[in-house]
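As structure tokens, the structure follows; a few thoughts come after it.
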Amino acid sequence: MDLNTIKENLTFPIKAPQYRVGVDGFMSYANSTLTHDGRLRCPCVKCVNTKLLNPDDVNYHLLQYGIMRNYSTWVFHGESVDQSRFLYPKSLEKWILKSIGHKWRDYKCLLKGKGYDDNTDINTLYDNCPDEDVDYDQWVSLVNFWRSEEGKRRSNRSKESLEKAKVKPIHTTGTKSHARVREEMKKSSNKSPTRTQVYLKCHQHESEADITNQIKNVATEQGDQELDLDDDPVSQVLGKDKHGRVRGLGLGVKPSDLGDPSYPRFCNGLNMSTDNEAAVIHYFRRLEGVVQRLRARVKRQGITITKVKRKLRDHDISLSDESESDADPFSSDSDSVVEAEHDDQ
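Numbering (my numbering), first residue to last: 31 to 375.
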């Protein structure tokens, strides 16, 4: 099935036969992007490409919740795209996906606050769909999930966590991210600031005055001694962080991000700036394009060789060097590959 036809079918309502045909086409197309353990990014409105699931679960989610709106170029499922538009370090990919997922959850929370009520009849809720923002079928899926036992369980768990929280952190450094504030503090003092110092710099809202004063008092008692994250003033006041996370320093920060990066001895002198890293990524992506063109050329040559051999067999001509012609095309010497690359350029 043509890719455009598949995408057109996915624009139909979830219960329409055309949509189900589109889901089948999508699953067939996306099978090439399975991970080593056989999982696939789920593009449903619930997972928004931030979760890796089994293909059967992805198929179920697409039929149950619908595919993401405006996911027109399947960049996570094998569709080629102009990569120069998305030139970013590979290390930022997880942060970007986390940021997208965070914003999507906030948007769903906003929708729930505007148009959902546990005490309202479900058919009335269906009619409260914000037509300018959300497709009707996707709104129905959201309402059904919020009314399900799983949706209620998650909602109650979130409410309990909010009630237990001592304070909701408020970022008070404007458009500056925590990473930028930390870098500025590092440059001004010529050493890496502690998590406590960065937290106090970024959280100066009056609603947090009691918490920040407690942190300052603990920091004064401890002095300048270096402490682990589990024992620093922020942890002592707010409690220990969850595994792999650091409280109060923004999205995606890990404990390893707070210390100076360490490199193997043989990598000394290879630390790159952001500009150099982007240039290297761009260079390697150009090389990937050259390799793809070479592979396409070899494939075309293989097809031509097969046709020639077939014609020779039709004329009852024996191929004395058949074993040589069947050799691996990529086993040629490096000079021929360089010459082919030069021709492409």
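Beta carbons are placed, not taken as given, at the ideal position from N, Cα and C, and that holds for glycine.
For clarity, every value in this text was computed on a predicted model and none was experimentally measured.
>> On the DSSP bridge list, what partners appear for L93?
In response: On the sequence shown, position 63 is the one that residue 93 refers to. None, per the DSSP bridge assignment.
>> Can you find the residues in the same chain that come closer than 7 Å, C-beta to C-beta, to Y156, ignoring five residues on each side of it along the sequence?
In response: For this step, residue 156 is matched to residue 126 along the sequence shown. V170 and V173, listed in sequence order.
>> Am I right that V276 and R225 are in contact with their C-beta atoms under 8 Å? What's the rounded C-beta distance?
In response: Your numbering for residue 276 matches position 246 in the sequence shown. Your numbering for residue 225 matches position 195 in the sequence shown. Sure, about 7 Å apart at Cβ, within 8 Å.
> What's the gap between the Cα of S62 and the Cα of K124?
Replying inline: Counting from one through the sequence shown, the residue named residue 62 turns up at place 32. Counting from one through the sequence shown, the residue named residue 124 turns up at place 94. Between S62 and K124, the C-alpha separation is close to 21 Å.
> Which of helix, strand or coil does DSSP assign to R225?
Replying inline: Taking the first residue of the sequence shown as position 1, residue 225 is located at position 195. It is helical.
> From V51 to G143, what distance separates their C-alpha atoms?
Replying inline: Reading the sequence shown from its first residue, position 21 is the one you call residue 51. Reading the sequence shown from its first residue, position 113 is the one you call residue 143. Using only the alpha carbons, I get a separation of about 34 Å.
> Secondary structure at C74, three-state DSSP: helix, strand or coil?
Replying inline: Residue mapping note: residue 74 aligns to position 44 of the sequence shown, counting from 1. In this structure, C74 counts as strand in the three-state DSSP scheme.
> How big is the Cα-Cα spacing for S129 and R327?
Replying inline: By 1-based counting over the sequence shown, the position of residue 129 is 99. By 1-based counting over the sequence shown, the position of residue 327 is 297. Near 40 Å, if we compare the C-alpha coordinates of R327 and S129.
> Where do the ends of the alpha helix (DSSP H) carrying M98 lie?
Replying inline: Here residue 98 refers to the residue found at position 68 of the sequence shown. Looking at the DSSP string, M98 is not in any alpha helix (DSSP H), and its letter there is neither H nor E.
> Per the contact definition of three or more C-beta pairs closer than 8 Å, is the segment 206-221 in contact with the segment 235-254?
Replying inline: In short, these stretches do not touch, since the Cβ pair count stays below three.
>> Please classify L33 as buried or exposed, where buried requires at least 16 neighbouring CB atoms within 10 angstroms.
In response: As a first step, residue 33 is located in the sequence shown; it is residue number 3 there, counting from the start. By the neighbour-count rule (16 or more Cβ atoms within 10 Å), L33 is not buried but exposed.
> When we look at the beta-carbon of L122 and count the other beta-carbons within 10 Å, is it buried (16 or more) or exposed?
Replying inline: In the sequence shown, the residue the question calls residue 122 occupies position 92. Per the 10 Å Cβ criterion, exposed.
> If we call anything under 9 Å between Cβ atoms a contact, is D165 one with G96?
Replying inline: For the purposes of this step, residue 165 is taken as residue 135 along the sequence shown, with counting starting at 1. For the purposes of this step, residue 96 is taken as residue 66 along the sequence shown, with counting starting at 1. Contact: yes.
> When the Cα atoms are used, what is the spatial distance from A46 to R330?
Replying inline: If you number the sequence shown from 1, residue 46 lands on position 16. If you number the sequence shown from 1, residue 330 lands on position 300. So the alpha carbons of these two residues sit roughly 41 Å apart.
>> Considering only DSSP beta bridges, list what L83 is partnered with.
In response: Numbered from its first residue, the sequence shown carries residue 83 at position 53. Paired residue(s): L70.
> Going by beta carbon distance, what residues of the same chain come within less than 8 Å of K216, once the five residues before and after it are set aside?
Replying inline: Working through the sequence shown from its first residue, we reach residue 216 at position 186. Closer than 8 Å at the Cβ level, and outside the excluded window around K216, lie S222 and P223.
>> For N89 and V53, which I take to be in contact (beta-carbon distance under 8 Å), what is that distance rounded to the nearest angstrom?
In response: Within the sequence shown, residue 89 is the residue found at index 59, counting from 1. Within the sequence shown, residue 53 is the residue found at index 23, counting from 1. That pair is a contact at about 6 Å.
> Rounded to whole angstroms, how far is the Cβ of T65 from the Cβ of L82, which I believe are closer than 8 Å?
Replying inline: By one-based count along the sequence shown, residue 65 stands at place 35. By one-based count along the sequence shown, residue 82 stands at place 52. Indeed they touch by this definition, with Cβ atoms about 6 Å apart.
> So what's R277 in DSSP terms, helix, strand or just coil?
Replying inline: The residue labelled residue 277 in the question sits at position 247 within the sequence shown. In this structure, R277 counts as coil in the three-state DSSP scheme.
> Just curious, the alpha helix (DSSP H) that S171 is in, first and last residue?
Replying inline: As a first step, residue 171 must be located in the sequence shown, where it is residue number 141. Y166 to R177 is the span of the alpha helix (DSSP H), which, as asked, contains S171.
> When burial is assigned at 16 or more other CB atoms within 10 Å of the CB, is E56 buried or exposed?
Replying inline: In the sequence shown, counting from the first residue as 1, residue 56 sits at position 26. Going by the sequence as given, residue 56 is Phe instead of Glu. The residue in question, F56, is buried, as its Cβ has 16 or more Cβ neighbours within 10 Å.
> For A46, does the three-state DSSP call read helix, strand or coil?
Replying inline: For the purposes of this step, residue 46 is taken as residue 16 along the sequence shown, with counting starting at 1. Residue state, collapsed to three classes: coil.
>> Using the Cβ count rule (16 or more neighbours within 10 Å means buried), how would you classify D67?
In response: Taking the sequence shown and counting its residues from 1, one reaches residue 67 at position 37. Exposed, since its Cβ has fewer than 16 Cβ neighbours within 10 Å.
>> My output table needs one value for N34: the three-state DSSP class, helix, strand or coil.
In response: Counting from one through the sequence shown, the residue named residue 34 turns up at place 4. In the structure shown, N34 sits in a helix (DSSP, three-state: H, G or I).
> Which stretch, first to last residue, makes up the alpha helix (DSSP H) that contains D261?
Replying inline: Taking the first residue of the sequence shown as 1, we reach residue 261 at position 231. Run containing D261: none; DSSP gives neither H nor E here.
> Given H109, which residues of its chain have a CB within under 7 Å of its CB, disregarding the five upstream and five downstream residues?
Replying inline: Within the sequence shown, numbered from 1, the residue matching residue 109 stands at position 79. Note that residue 109 is Glu in the sequence shown, not His. The answer, listed in chain order, is T103.
> Using the rule of at least 16 other Cβ atoms within 10 Å of the residue's Cβ for burial, across every protein chain shown, is E238 buried or exposed?
Replying inline: Along the sequence shown, one-based indexing puts residue 238 at 208. If you draw a 10 Å sphere on the C-beta of E238, you find 16 or more other C-beta atoms in it, and that means buried.
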